[in-house]
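**Q**
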Amino acid sequence: MQEKIGGMNIPKKEELFYSPVIEWLKDNGFRAIQFMDEFVVGIPSLSMLGIQFIKPCIVGYKKEDDTEVLAVVEVRDSKQLLFDAIGRCAIYRKMGAYSYIAVPKEIGDEITDTSLYRDLGIGLLVIEGKEVKEKVKAESQIPQREEMRNILLSMVKFAIEQK
1125 MQEKIGGMNI PKKEELFYSP VIEWLKDNGF RAIQFMDEFV VGIPSLSMLG
1175 IQFIKPCIVG YKKEDDTEVL AVVEVRDSKQ LLFDAIGRCA IYRKMGAYSY
1225 IAVPKEIGDE ITDTSLYRDL GIGLLVIEGK EVKEKVKAES QIPQREEMRN
1275 ILLSMVKFAI EQK
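Positions 1125 to 1287 (this note's numbering) are the ones given, in order, by the sequence shown.
#1: Strictly by DSSP, which residues pair up with R1155?
#2: Count the other C-beta atoms from every protein chain shown that fall within 10 angstroms of the C-beta of K1179, then say buried if there are 16 or more, exposed otherwise.
#3: Do I1157 and V1280 come within 8 Å of each other at the CB atom, strictly closer than that value?
#4: In three-state terms, what does DSSP make of L1170?
#5: Assuming G1184 and F1141 are in contact, meaning their beta carbons sit under 8 Å apart, how far apart are those beta carbons, in whole angstroms?
#6: Excluding five sequence neighbours on each side, which residues of the same chain lie with their C-beta closer than 7 Å to the C-beta of I1215?
#7: With DSSP run on the structure shown, which of helix, strand or coil describes I1251?
#8: By alpha-carbon positions, which one of K1259, Q1286, G1220 and E1285 ends up nearest to R1273?
#9: According to the neighbour-count rule (16 or more other Cβ atoms, all chains shown, within 10 Å of its Cβ), is K1259 buried or exposed?
#10: By how many angstroms is the C-alpha of L1206 removed from the C-alpha of E1162?
#11: Just verifying my parser: in three-state terms, what is the DSSP assignment at F1282?
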């Protein structure tokens, strides 16, 4: 995705952090999908949220025994956008996904490991260069919105097949 600035297409700064997060997911056994323009994935949510779609930054998928596991990561490079990411992660948790917010080290250093993120079950990934550290561990949750989970799962599996 690109942002138009002064007539030029400039990559959004957040996308610079996608590659290390994808590697972190792979290191943890997930197949990772970065949702850009070529993989348009949106979870229909109009009747539930009043917005047509929510679109995650990165989704990890793996199968453990008979269980399909999802990890959704929202990448944010600004403190002003953290509240939006927390709300999105709360929605993904209702789908039974591990939910993470990934931030650069400058932001992550200001958040303690006993933060509200832990209370909400949302993981916090801190990015420094190509390194990603899990500062707050995400908690699993039994899906409460099975229909939304099934939509996300089918879209993720389709995107993985297309790779």
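A virtual CB, placed ideally from N, CA and C, is assigned to each residue, including glycine.
**A** In this structure, then:
#1: Under DSSP, R1155 takes part in a beta bridge, and its partners are Y1185.
#2: K1179 counts as exposed, since fewer than 16 other C-beta atoms from the protein chains shown sit within 10 angstroms of its C-beta.
#3: Result yes, Cβ atoms of V1280 and I1157 sit closer than 8 Å.
#4: Caution applies to L1170, whose pLDDT of 46 falls short of 50 and renders its modelled position unreliable; the model cannot decide the point.
#5: Between G1184 and F1141 the beta-carbon gap is near 15 Å, outside 8 Å, which marks them as no contact.
#6: I1178, listed in sequence order.
#7: It is a strand residue.
#8: If we check each option's Cα against that of R1273, G1220 comes out closest.
#9: Buried, since its Cβ has 16 or more Cβ neighbours within 10 Å.
#10: The pLDDT assigned to E1162 is 48, lower than 50, so where the model puts this residue is not dependable; a value taken from the coordinates is nonetheless given after this. For E1162 and L1206, the distance between alpha carbons rounds to 26 Å.
#11: When secondary structure is reduced to three states using DSSP, F1282 falls in the helix class.
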